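Everything on this sheet refers to the single structure shown next.
In full-length UniProt numbering, the protein residues as written are 1 to 255.
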């Protein structure tokens, strides 16, 4: 398990970023200054965030009960910390990791300007990559990889990194987009070009992943997909559904 020191400090490192595309880092770094604006370019993530983090927390409850302690959680690809702050408020000792220096600086700044309540667990941030944490031998009870796997260079290798970073019996949450005609129409063309809900270039539809592909990649990495749900916007908010045709979220367990 990660040590207390891992959560009480912030570290900046310059790792070899095998899993991270430099173009993706540059794209999201350019958005960092407006990340926390609920009506800005990250508005869809703001709207989706409570659903994602609370769904994960509910699925992790059996693990929390079994281990009887505050679980360590790595929020990988954390950006400016939307999910990281939510997980800390939900009681997880959270480390937010992102390859974007600008994103991590925005996360730290927001945490200083808007301190978490005293009831929250520990939260810290680190600029770096999953590869560096693996090289350091770090492992966590829970890994959160929300809306990140569709942006990495090699999803299969990325899932193997997540498995290496997870303690035996630990769990990994992955949310992403399905590669369907509907996801192209709504999540790519509609969201970026028609409605302008996201900046143009946020997603590459060819990198979207079907749930059965994600499950197979998980098995190849030594993981079992133990839960799956669709995420659908049903006014006035996002809700979990059986429809995985566009957005979905999954839980993996490492045996």
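Cβ atoms here follow ideal geometry from the backbone N, Cα and C, with glycine treated the same way. Predicted model only: the values in this text are computed from it and were never measured.
Residue 151 counts as buried, since no fewer than 16 other beta carbons sit within 10 angstroms of its beta carbon.
The C-alpha of residue 100 lies about 31 Å from the C-alpha of residue 69. Burial state of residue 24 is buried, judged by a 10 Å Cβ sphere holding 16 or more other Cβ atoms. Apart from sequence neighbours up to five positions away, the residues of its chain that approach residue 155 with a beta-carbon distance below 7 Å are 149, 209, 217, ordered along the chain. Annotation for residue 20: no alpha helix (DSSP H) segment contains it, and DSSP assigns it neither H nor E.
Distance check between residue 36 and each of 98, 63, 57, 79 places 79 closest, using alpha-carbon atoms only. The shortest C-alpha to C-alpha distance from residue 20 to any of 84, 159, 47 is the one to 159. Counted as a single uninterrupted DSSP element, the beta strand (DSSP E) harbouring residue 237 occupies residues 237 to 241.
Secondary-structure assignment with DSSP links residue 98 through a beta bridge to 127. In terms of Cα proximity to residue 168, the closest of 135, 126, 222, 181 is 222.
Residue 81 is not bridged by DSSP to any residue. For residue 183, the secondary structure class from DSSP, reduced to helix, strand or coil, is helix. Nearest Cα to residue 240 within the set 128, 55, 116, 71: 55.
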